[in-house]
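What follows is a short report on a single structure.
There are 2 protein chains.
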Amino acid sequence: MTSTLIDTRTRLLGIAAEQFLARGYVETTLRGIAAEAGVKAGSIYYHFDSKDSMLEAILGEGIERIAASLESGLADAGQNPLDQVVAAIHAHLGALFEHGAFTACHVKVFHQAPSEVKAKATVRRDAYEATWTRLLTEAETSGRLRPMIEPGIARLYLLGALNATIEWFTPGDIAALADAFAEMFVNGAFIPRWKE
Amino acid sequence: MTSTLIDTRTRLLGIAAEQFLARGYVETTLRGIAAEAGVKAGSIYYHFDSKDSMLEAILGEGIERIAASLESGLADAGQNPLDQVVAAIHAHLGALFEHGAFTACHVKVFHQAPSEVKAKATVRRDAYEATWTRLLTEAETSGRLRPMIEPGIARLYLLGALNATIEWFTPGDIAALADAFAEMFVNGAFIPRWKE
DNA sequence: GTCCCTCCCTAACGAACGTTAGGTATGCTG
DNA sequence: CAGCATACCTAACGTTCGTTAGGGAGGGAC
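Residue numbers (the working numbering), protein chains in the order written: chain R, 42 to 237; chain F, 42 to 237.
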């Protein structure tokens, strides 16, 4: 029977994601993860090669879920640049706060990861960011983006604001938050002035 | 003569800020800082009480310099909500990349800091953020902010995007970056549509 | 009943780290 | 010259952590 194995492995990974998210990677100990899982520290090595490999699995699972949320959101939205970008904002924020600890852990811990682990996660991450760049490039080529705005800079600006929410947002009305962010990103925070 | 003392203390703090920024707080060792300063690890304790107290000093110095940059930028700009916000964006980004490692270190390491250190830095940090909230609230009361946008949310959105730059921006044309960010924050990334 | 594979445990190793006690050289002070 | 404070060193202590070697219980296979 392999169900127990899968259970323990999955449980360890989920607990690790929560602790990495809450305490940071380096300050999280295998002994702490094991204790919360009702297991001894040494037993982790039956399921994983090392602490780094746990992080690697978590970062991979996290970006995978975020990407899935994005693809799903894009498919359900209007097929025009504006609707796609707004849907992407909703999907990304939804993924961070409604899809378990893996997604938020990816965003928060990625930059603290050892370079080798980081390099492996970067592959999938680049593909995800490329989707955003594609969305914004489509907005640009269809003449919807402001002339002085490059899609690459816009992507970094927007994802920076979105990902920073994990430092302050207390899960609540995510749709309202996404609406406000979409409004600010698309139309700006200020009301245009006709004269002056 | 106390010049040697001040020199070494200052040098240690600068090196520590650089290493905290590059490797993170926990992964930076006192032995590494001491080595780069041409000193032995134990000697650090002549100048500082602990590793935590070094971080505390750095975080304080960092937010102080960022705040000074902001105040300076606001004083030199037009005294209207729009100009003030644009100047603030330029000042904040300028502080992160042109005022040494302390400012960038504050932004990057703050969220990794031990809770006690974090609590002390939070006092000064709250005051800095209150300045931003004041700017945006003035924009709101003078009718320049979009109705559905709350100043508090706008501040978190904008500072999130600004602070995230330390993860990707390679010091170059900061003014151009600030211009693009200001354009996106104020007017939005999209061109308004008159019909549809 | 015997074998073997799965899954977890005990117990320890070795390294790295923050920190400290005590010593030493230097130079100013009286 | 004696005395003292400054600035740094040496050498270690104690702890924590990732990791590993080896063992054992349990159940399915034959």
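No residue lacks a Cβ here, since even glycine has one placed at the ideal position from N, Cα and C.
The beta carbon of Ile130 (chain F) sits closer than 8 Å to those of Leu199, Leu203, Ala219, Phe222, Ala223 and Phe226, all from its chain and outside the five residues before and after it, given in chain order. The beta carbons of Leu100 (chain R) and Ile74 (chain R) sit no closer together than 8 Å. Around the beta carbon of Met95 (chain F), 16 or more other beta carbons lie within 10 angstroms, which makes this residue buried. According to the DSSP assignment, Ser94 (chain F) belongs to the alpha helix (DSSP H) that extends over Lys92 to Asp117. Pairing Arg187 (chain R) with Ala195 (chain R), the inter-Cα distance amounts to about 10 Å. Taken atom to atom, the span from the alpha-carbon of Val67 (chain F) to that of Gly65 (chain R) is near 10 Å. The beta-carbon distance between Gly114 (chain R) and Ala132 (chain R), rounded to whole angstroms, is 3 Å. This is short enough to meet the 8 Å contact definition. The alpha helix (DSSP H) runs lying completely inside the stretch 112-184 of chain F and spanning 4 residues or more are 122-139, 142-150 and 156-182, given in chain order. For Met95 (chain R), no chain F residue has a C-beta closer than 8 Å to its own C-beta; the minimum C-beta separation is roughly 17 Å. Note on geometry: alpha-carbon atoms of His147 (chain R) and Gly229 (chain R) lie some 28 Å from one another. Boundaries of the alpha helix (DSSP H) harbouring Ile194 (chain F): Pro192 to Ala205, taken from the DSSP string.
Classified as buried, Val158 (chain R) has 16 or more neighbouring CB atoms from the shown chains inside 10 Å of its CB.
For Phe222 (chain R), the enclosing alpha helix (DSSP H) stretches over residues Ile215 to Asn228. In this chain, the alpha helix (DSSP H) harbouring Leu71 (chain R) covers Leu71 to Ala78. Within the DSSP bridge table, the entry for Leu54 (chain R) names no partner.
The DSSP-derived three-state label of Phe231 (chain R) is strand. For Arg234 (chain R), the closest alpha carbon among the candidates F:Ser91, F:Gly184, F:Glu59 and F:Phe61 is that of F:Gly184. The alpha-carbon separation between Ser156 (chain F) and Ala142 (chain R) amounts to approximately 21 Å. The contact set of Asn204 (chain F) on chain R, defined by CB atoms closer than 8 Å, consists of Gly201 and Ala205 in chain order. The Cβ-Cβ distance between Ala128 (chain R) and Ala136 (chain R) does not fall below 8 Å.
Interface annotation, Asn228 (chain F): in contact with chain R, CB-CB separation under 8 Å. Nearest C-alpha to Gln120 (chain R) among R:Arg50, R:Glu208, R:Leu176 and R:Asp48: R:Leu176.
With the criterion set as a beta carbon lying under 7 Å from some beta carbon of chain F, the members of the stretch 151-163 of chain R are His152 and Gln153, in sequence order. Looking at the backbone, the Cα of Lys161 (chain F) and that of Pro122 (chain R) are separated by about 45 Å. Closer than 8 Å to the CB of Phe143 (chain R) there is not a single CB belonging to chain F. The secondary-structure analysis by DSSP pairs Leu186 (chain F) across a beta bridge with R:Phe231.
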